[in-house]
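Engineer:
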Amino acid sequence: AQTVTQSQPEMSVQEAETVTLSCTYDTSENNYYLFWYKQPPSRQMILVIRQEAYKQQNATENRFSVNFQKAAKSFSLKISDSQLGDTAMYFCAFMKLYYNRDDKIIFGKGTRLHILP
Amino acid sequence: EPEVTQTPSHQVTQMGQEVILRCVPISNHLYFYWYRQILGQKVEFLVSFYNNEISEKSEIFDDQFSVERPDGSNFTLKIRSTKLEDSAMYFCASRAGGSYNEQFFGPGTRLTVL
Numbered sequence: 004a005q006t007v008t009q010s011q012p013e014m015s016v017q018e019a020e021t022v023t024l025s026c027t028y029d030t031s032e033n034n035y036y037l038f039w040y041k042q043p044p045s046r047q048m049i050l051v052i053r054q055e056a057y058k059q060q061n062a063t064e065n066r067f068s069v070n071f072q073k074a075a076k077s078f079s080l081k082i083s084d085s086q087l088g089d090t091a092m093y094f095c096a097f098m099k100l101y102y103n104r105d106d107k108i109i110f111g112k113g114t115r116l117h118i119l120p
Numbered sequence: 084e085p086e087v088t089q090t091p092s093h094q095v096t097q098m099g100q101e102v103i104l105r106c107v108p109i110s111n112h113l114y115f116y117w118y119r120q121i122l123g124q125k126v127e128f129l130v131s132f133y134n135n136e137i138s139e140k141s142e143i144f145d146d147q148f149s150v151e152r153p154d155g156s157n158f159t160l161k162i163r164s165t166k167l168e169d170s171a172m173y174f175c176a177s178r179a180g181g182s183y184n185e186q187f188f189g190p191g192t193r194l195t196v197l
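Line order of the protein sequences matches chains A and B.
So the first sequence is residues 4 to 120, counted in the working numbering.
So the second sequence is residues 84 to 197, counted in the working numbering.
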């Protein structure tokens with residue numbers, strides 16, 4: 004079974020600073036996807052960034068980037084130039100690569116991030 | 084931009100009552116999911132649905148739960164006899180076919196069981 008672990012329950016940083024959220028996972032699969040989801044106070048689940056395990060290049064989306072270390076099973080999220088709107092709960096998540104079939108997303112427990120003015 | 088919608092946004096019910104949570108997935112999507120999030124905890128998979136049948140369900144999804152796609156547009160989650168511990172946020176998600184397509188989440192229904 005796959006597991007996702009986020010060891011930082013809560014973090015606070017000053018606006019405009021860079022922050023890194025940690026995530027480790029465990030799987031015996033070789034092909035899979037990893038995600039970071041953002042959940043603001045509205046509780047809507049918003050996909051921030053996605054990484055395919057077969058790609059060595061780390062994914063980036065504007066101010067958001069990941070450090071994907073497949074051998075170490077580590078998948079951290081870096082937020083650069085943090086903004087007040089980044090305040091949210093962030094979930095690391097895993098999904099098997101399962102061609103043309105559905106599969107569930109497995110979430111970590113989340114890191115609550117506060118961006119301070 | 085197409086989006087997944089869920090109704091109601093908040094449902095309050097008495098223990099033992101039946102509730103139906105409704106979702107309208109994105110129109111050309113083929114795979115449908117329910118997840119739940121107990122307050123302060125992680126999001127957990129409940130069930131996936133494809134081609135009018137359940138593809139996978141978690142141990143949480145016991146006989147009290149059922150899903151249905153009654154009319155080709157709605158996707159419902161029914162809880163037959165609610166318990167206090169069913170109080171949670173319930174998220175519907177859907178995705179298109181193919182080897183990978185993003186699961187799009189709805190805004191959630193907050194269920195409160197008294």
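Even glycine gets a Cβ: it sits at the ideal position worked out from N, Cα and C.
Note that the structure is a prediction, hence the values are computed from the model and not measured.
With three or more C-beta pairs closer than 8 angstroms as the rule, is the region 52-59 of chain A touching the region 11-18 of chain A?
Structural biologist: no
Engineer: Could you tell me the distance, in whole angstroms, from the CA atom of residue 135(B) to the CA atom of residue 151(B)?
Structural biologist: Straight across, the Cα-Cα distance linking residue 135(B) with residue 151(B) is about 8 angstroms.
Engineer: Is there a C-beta anywhere in chain A that falls below 9 angstroms from the one on residue 176(B)?
Structural biologist: yes
Engineer: Output, in sequence order along the chain, the residues in the region 148-167 of chain B whose CB is closer than 8 angstroms to any CB in chain A.
Structural biologist: none
Engineer: How should residue 63(A) be labelled, buried or exposed, when 16 other C-beta atoms within 10 angstroms of its C-beta is the threshold for buried?
Structural biologist: exposed
Engineer: Find the residues of chain A that neighbour residue 71(B), judging by a C-beta separation of less than 8 angstroms, and give them in chain order.
Structural biologist: Outside the shown range of chain B, which is 84 to 197, sits residue 71(B), and nothing can be said about it.
Engineer: Counting only Cβ pairs nearer than 7 angstroms, list the residues of chain A close to residue 185(B).
Structural biologist: 50
Engineer: Just checking: is the beta-carbon of residue 31(A) within a distance shorter than 9 angstroms of some beta-carbon in chain B?
Structural biologist: no
Engineer: Quick check: is the beta carbon of residue 144(B) nearer than 9 angstroms to any beta carbon in chain A?
Structural biologist: no
Engineer: Using a Cβ cut-off of 8 angstroms, pull out every chain B residue sitting near residue 113(A), in sequence order please.
Structural biologist: Taking a Cβ-Cβ cut-off of 8 angstroms, the neighbours of residue 113(A) in chain B comprise 125, given in sequence order.
Engineer: Determine whether the Cβ of residue 190(B) lies closer than 9 angstroms to any Cβ atom of chain A.
Structural biologist: yes
Engineer: Would you kindly check if the distance between the Cβ of residue 103(B) and the Cβ of residue 172(B) is under 9 angstroms?
Structural biologist: no
Engineer: Buried or exposed: which applies to residue 154(B), given that a residue is buried once 16 or more other Cβ atoms fall within 10 Å of its Cβ?
Structural biologist: exposed
Engineer: Taking all protein chains shown into account, do 16 or more other C-beta atoms lie within 10 angstroms of the C-beta of residue 176(B), making it buried, or fewer, making it exposed?
Structural biologist: buried
Engineer: Take every Cβ of the region 74-91 of chain A, pair it with every Cβ of the region 17-29 of chain A, and state whether three or more of those distances are shorter than 8 angstroms.
Structural biologist: yes
Engineer: Can you check which of these residues, 197(B), 190(B) and 174(B), is closest to residue 129(B) by C-alpha distance?
Structural biologist: Ranking 197(B), 190(B) and 174(B) by Cα distance to residue 129(B) puts 174(B) first.
Engineer: Verify the CB distance criterion: does residue 47(A) have a CB-CB separation below 9 angstroms to chain B?
Structural biologist: Chain B has a Cβ within less than 9 angstroms of the Cβ of residue 47(A).
Engineer: Name, please, each residue of chain A whose Cβ falls closer than 7 angstroms to the Cβ of residue 170(B).
Structural biologist: The premise fails here: residue 170(B) is roughly 14 angstroms from chain A at the closest Cβ pair, so nothing lies under 7 angstroms.
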